[in-house]
Amino acid sequence: MGCMVSQLAAKFAFFPPSPPTYQIKKRDDGKLTVVSSSSPSMPIPNADDTSLDVLLIDTKRGNKIVAFYLRNPYARLTLLYSHGNAADLGQLYDLFVQLKLNLRVNLMGYDYSGYGASTGKPSESNTYSDIEAVYQCLETEYGVSQEDLILYGQSVGSGPTLHLASKLPRLRGVVLHSAILSGLRVLCHVKFTFCFDIYKNINKIKKVKCPVLVIHGTEDDVVNWLHGNGLWKMAREPYEPLWIKGGGHCNLELYPDYIRHLCRFVQEMEKLTTETRLKKIRQSLQLHTRHTVSANRCCRVKCWRPKCLCPDCSCRPSCTKCSCQPSCRVKCWRPKCLCPDCSCQPSCTKCSCQPKCLECCWRPSCPECWRPSCKKCCWRPKCLRCSKPTCCIKCFCWQCCVGTHSGGLDRKEDG
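To convert a position in the sequence shown, counted from 1, into the numbering used here, add 66.
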């Protein structure tokens with residue numbers, strides 16, 4: 067079932083030029099050269115152009131794909147270009163030359179399986195293996211590391227571009243030209259990603275860890291401008307986008323803003339050294355750590371005392387491990403007990419939560435005798451009639467019966 071869906075999607079998604087616009091021939095010295103299909107005797111590059119290398123690269127799926135490598139002696143970065151639909155390298159050679167000169171980069175362009183002179187059939191999985199094989203060739207044959215590489219994806223080429231970008235954490239940058247959110251979203255406005263959808267860029271853009279430049283035409287009738295805007299908003303490190311007013315799907319290179327904005331992006335990527343990027347990563351990690359610590363302070367999570375039971379105040383409890391005092395300590399707490407032998411907490415003036423002293427427990431003095439004290443238990447004889455304690459140990463005057471009982475023990479309730 068999965069193969070049938072993949073084949074059906076390939077029929078709607080890929081339109082390789084038929085016949086191809088170029089052919090590959092081998093010269094006398096064994097090197098490959100490119101000739102036009104309309105004029106087999108006419109090579110596409112100039113005869114004296116030694117800056118072009120024509121390559122045949124093997125992929126892990128058994129296909130041989132054609133790639134053009136254009137070198138610039140003044141280049142500091144390399145651009146890996148994944149072209150759009152209904153085009154091959156024969157049509158894009160002139161554009162590659164202009165980009166190489168204006169952007170001052172080395173440029174590698176390639177044809178997907180089934181496009182141009184590349185073997186195999188076009189499919190989503192084949193394009194993924196194609197770009198992986200080209201990147202491996204850049205590493206092994208030309209010594210290009212991911213720190214010096216910018217990936218460029220146009221239209222359908224945004225699929226393999228984001229596939230590779232999501233796997234390379236140290237890329238210098240990514241350019242998305244008329245890119246798509248997913249294959250199905252080009253045909254209809256759906257808000258969910260289905261299993262049979264192809265080029266699920268909406269999920270992969272979140273894994274790209276380098277600056278992302280989005281270029282899209284506002285009048286694109288093939289891939290709506292909302293696709294480019296959505297990718298730009300979801301990028302982790304978005305660069306200033308280029309929305310070309312009136313631009314369509316296949317004519318953005320004709321606008322002066324296109325090459326101007328692209329040159330500025332490449333120049334800034336040249337200045338963005340590895341040391342600068344690592345510094346940004348450290349700063350972001352430090353900010354994240356500070357935010358985490360401030361949000362999980364011990365006072366708020368681990369060691370707060372129980373809150374005040376007073377219904378009329380909003381006093382917050384104090385922390386037992388630090389010196390942060392709650393607001394209730396300022397507004398409504400009474401002074402602490404003056405007893406030197408105890409550490410009783412003060413009571414709130416707005417409620418009845420007055421704590422008792424666990425050591426001294428002084429009671430109001432009796433007007434007729436000495437002030438009694440309790441020895442840690444607060445026990446006093448109680449009246450059998452009302453169960454109230456006496457106010458004085460010496461005279462045993464029951465608080466409920468003052469004036470009704472005599473002062474001796476003969477007529478008092480026996481405590």
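All C-beta atoms, glycine included, are put in the ideal place defined by N, C-alpha and C. Given the structure is predicted, the values throughout are model-derived calculations rather than measurements.
Next item on the list: Please determine, among 88, 197, 200, 237, the residue with the shortest C-alpha to C-alpha distance to residue 213.
Entry: 237
Checklist line | Same chain, Cβ closer than 6 Å to residue 443, neighbours up to 5 away in sequence not counted | finding: Note on residue 443: pLDDT 45, under 50, position unreliable in the model; the coordinate value appears next. Correct list: empty, nothing qualifies.
Margin query: I'd like the span of the beta strand (DSSP E) that includes residue 129, first residue to last.
Written below: No beta strand (DSSP E) holds residue 129; DSSP gives it neither H nor E.
Check: Using CA coordinates, which residue listed in 241, 147, 286 is at the minimum distance from residue 271?
Finding: 241
Next item on the list: For residue 125, count neighbouring Cβ atoms within 10 angstroms of its own Cβ and tell me buried if that reaches 16, exposed if not.
Entry: buried
Checklist line | Own chain residues within Cβ distance below 8 Å of residue 86, not counting five before or after | finding: 103, 154, 156, 181, 182, 183
Check: By how many angstroms is the C-alpha of residue 99 removed from the C-alpha of residue 260?
Finding: 43 Å
Note to self: DSSP three-state label for residue 237, please.
What the structure shows: coil
Check: Taking just the CA atoms, how far does residue 110 sit from residue 159?
Finding: 8 Å
Next item on the list: Whole angstroms is fine: what's the gap from residue 483's alpha carbon to residue 282's?
Entry: Residue 483 lies beyond the stretch modelled for the chain, which goes from 67 to 481, so this question has no answer here.
Next item on the list: Provide the residue span of the beta strand (DSSP E) that contains residue 323, from first to last.
Entry: Segment 322 to 337 is the alpha helix (DSSP H) holding residue 323; no beta strand (DSSP E) there.
Notebook entry, point to check: Taking the C-alpha atoms as reference points, what is the distance between residue 441 and residue 352?
Noted result: No answer about residue 441 holds up, because its pLDDT of 44 lies below 50 and its placement is not dependable.
Notebook entry, point to check: Does the pairing of the region 222 to 237 with the region 160 to 171 give three or more beta-carbon distances under 8 Å?
Noted result: no
Note to self: What does DSSP give as the partner residue(s) for residue 134 in the beta ladder?
What the structure shows: 120, 175
Next item on the list: Assuming residue 277 and residue 303 form a contact by the criterion Cβ under 8 Å, report the distance between their Cβ atoms to the nearest whole angstrom.
Entry: 5 Å
Notebook entry, point to check: Where does the unbroken alpha helix (DSSP H) through residue 197 begin, and where does it stop?
Noted result: 190 to 208
Next item on the list: Report yes if the CB atom of residue 247 is closer than 7 Å to the CB atom of residue 268, and no otherwise.
Entry: yes
Next item on the list: Counting only the same chain and skipping the five closest in sequence on each side, list residues whose C-beta sits under 7 Å from that of residue 256.
Entry: 250
Margin query: Using 8 Å for Cβ pairs, my map puts residue 275 next to residue 235. What's the rounded Cβ distance?
Written below: 5 Å
Next item on the list: Look at residue 190 and residue 264 and say whether their C-beta atoms are less than 7 Å apart.
Entry: yes
Next item on the list: Pull up the CB-CB distance for residue 147 and residue 121, whole angstroms please, since I reckon it's below 8 Å.
Entry: So it is not a contact: roughly 14 Å between Cβ atoms.
Item checked: Three-state class that DSSP yields for residue 159 in the structure shown -> helix
Notebook entry, point to check: Do residue 145 and residue 218 have their CB atoms nearer than 7 Å?
Noted result: yes
Checklist line | residue 205 versus residue 177: straight-line alpha-carbon distance, rounded | finding: 18 Å
Note to self: Can you give me the C-alpha to C-alpha distance between residue 187 and residue 130, rounded to a whole angstrom?
What the structure shows: 11 Å
Check: Just how far apart, CA to CA, sit residue 216 and residue 171?
Finding: 10 Å
Checklist line | Burial state of residue 305, where buried means 16 or more other Cβ atoms lie within 10 Å | finding: buried
Checklist line | Secondary structure of residue 92, DSSP reduced to three states | finding: strand
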